[in-house]
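Asker: If you scroll down you'll find the structure; I have some questions about it.
Numbering (the numbering used here), first residue to last: 2 to 412.
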């Protein structure tokens, strides 16, 4: 069998539970039918309990270790203990399995891993191997967990029905039990959310479904990248009550989710019951790590006062902007955002000096939708790449810093 000319070698790594093993087993067989060599790697305990493959099977089997060879999960003190030990020992033995195959006629070209085991992707990347996440549950369920993981669905859920793009209107009783009953099985809940801790770094994402079965959910999940508005007006700007109201109603009527940083001193300016009425569509916080937020691929637009720090962070991270400048240098920065760097637009104020809700909504759509949106995204990516190049070793900013340091040392 080893002398056969395969088109590539895929290693499939399921979470050690029957409901997770069987989908990857069937998918691996499908890959074999396409001319690939496929190896299903299970824990030693699971391997010893599986029915031996038939002699005619072209699917290969191998093992990794989880530290519980005699009893598997039942041998562990707790789910946390099991997962922690499996990550430590599983990572090591997965690496050994890759090395074992390295100098054979069919080295491992791809690892397909269950996202319940996100560390498998780290091992794949370490060896420069293509890594693909394989979600065994429905796209709809994964979509719900994704929303929770990224703060788009706030827990505990306090109002129903629940509206999530691409899904039917949901009641609390329809939700996965980890969500409908907060605090139930916290270790498992953490595990299902951690599926998305590195899935954006995977080279491919596979879901155990087919398009026609969940078309709306699949389409909505495909559009998640760049689907959230982030709003922040810095630490010094103070918006009028009317401007806060216009922003709030624009967000409430928008089709996009949002994250809005509202200082404690500004919260009283929000319309009454605004937070309750937007429900899971929006999140209002007093503070967040702006760099972390702008780094998140879900962010598609930064509605900003165009302070230089905020503008530079957005440029460096490739996020298009809607500028609502307030004072000092911000108007000039907004000019450059729109007309020079071409990474966004400046919202226009009306006669009374307010940016009205219709204008806000129009500018958000301009940046996040259609051909104009694609144009801004393309330019934002260009400036992000140039920023990275400038500060990387040998880049112009890096060289200038070296020159400065040299002058300090030799002065």
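Ideal Cβ positions, reconstructed from N, Cα and C, are used throughout, including at glycine.
1. Relative to the C-alpha of residue 375, which candidate in 98, 330 and 226 has its C-alpha closest?
2. The beta strand (DSSP E) that contains residue 283, what's its start and end?
3. What number of angstroms, rounded off, separates the C-alpha of residue 122 from the C-alpha of residue 41?
4. Spatial neighbours of residue 204 within its chain, please: C-beta separation below 7 Å, excluding the five flanking residues on both sides.
5. With a 10 Å radius around its C-beta and 16 neighbouring C-beta atoms as the bar for buried, classify residue 409 as buried or exposed.
6. Closer than 6 Å by C-beta to residue 279: which residues in its own chain qualify, once you throw out the five before and the five after it? Chain order, please.
7. According to the Cβ coordinates, are residue 377 and residue 321 closer than 8 Å?
8. Using 10 angstroms around the beta-carbon of residue 348, count the other beta-carbons present and answer buried if the total reaches 16, otherwise exposed.
9. Measure the beta-carbon distance from residue 228 to residue 319 and round it to whole angstroms, keeping in mind my assumption that it falls under 8 Å.
10. From the beta carbon of residue 292, is the nearest beta carbon of chain B less than 8 Å away?
11. For residue 311, which residues from the same chain have a beta carbon less than 8 Å from its beta carbon, with the 5 sequence-adjacent residues on both sides left out?
12. Determine the DSSP secondary structure at residue 325, reduced to helix, strand or coil.
13. Three-state secondary structure (DSSP) at residue 385?
14. Using beta-carbon positions only, say whether residue 190 and residue 150 come within less than 8 Å of one another.
15. Who does residue 261 pair with in a DSSP beta bridge?
16. Taking only runs that begin and end inside the stretch 26 to 76, name each unbroken alpha helix (DSSP H) of 4 or more residues, in chain order.
17. Identify the continuous alpha helix (DSSP H) that holds residue 150 and give its terminal residues.
18. In whole angstroms, what is the alpha-carbon distance linking residue 387 and residue 223?
19. Grab me the residues of residue 404's own chain with a C-beta within less than 8 Å of its C-beta, minus the 5 sequence neighbours each way, in chain order.
20. Taking its Cβ as the centre, do 16 or more other Cβ atoms sit within 10 Å of residue 162, making it buried, or is it exposed?
21. Is it right to say residue 392 is buried, meaning 16 or more other beta carbons lie within 10 angstroms of its own, or is it exposed?
22. What first and last residue would you give for the alpha helix (DSSP H) that runs through residue 98?
23. Residues in its own chain within less than 6 Å of residue 209 by CB, not counting five upstream and five downstream?
24. Thinking residue 6 and residue 39 are a contact (beta carbons under 8 Å), I'd like their distance in whole angstroms, please.
Answerer: Looking at the coordinates:
1. 226
2. 283 to 286
3. 16 Å
4. 131, 132 and 133
5. exposed
6. 253
7. yes
8. buried
9. With a Cβ gap of about 15 Å, residue 228 and residue 319 do not count as contacting.
10. Absence of chain B from the displayed structure is noted, only one protein chain being present.
11. 233, 235, 291, 303 and 305
12. coil
13. helix
14. no
15. 232 and 285
16. 45 to 50
17. 140 to 150
18. 27 Å
19. none
20. exposed
21. exposed
22. 80 to 103
23. 24 and 137
24. Not really, about 15 Å apart at Cβ, beyond 8 Å.
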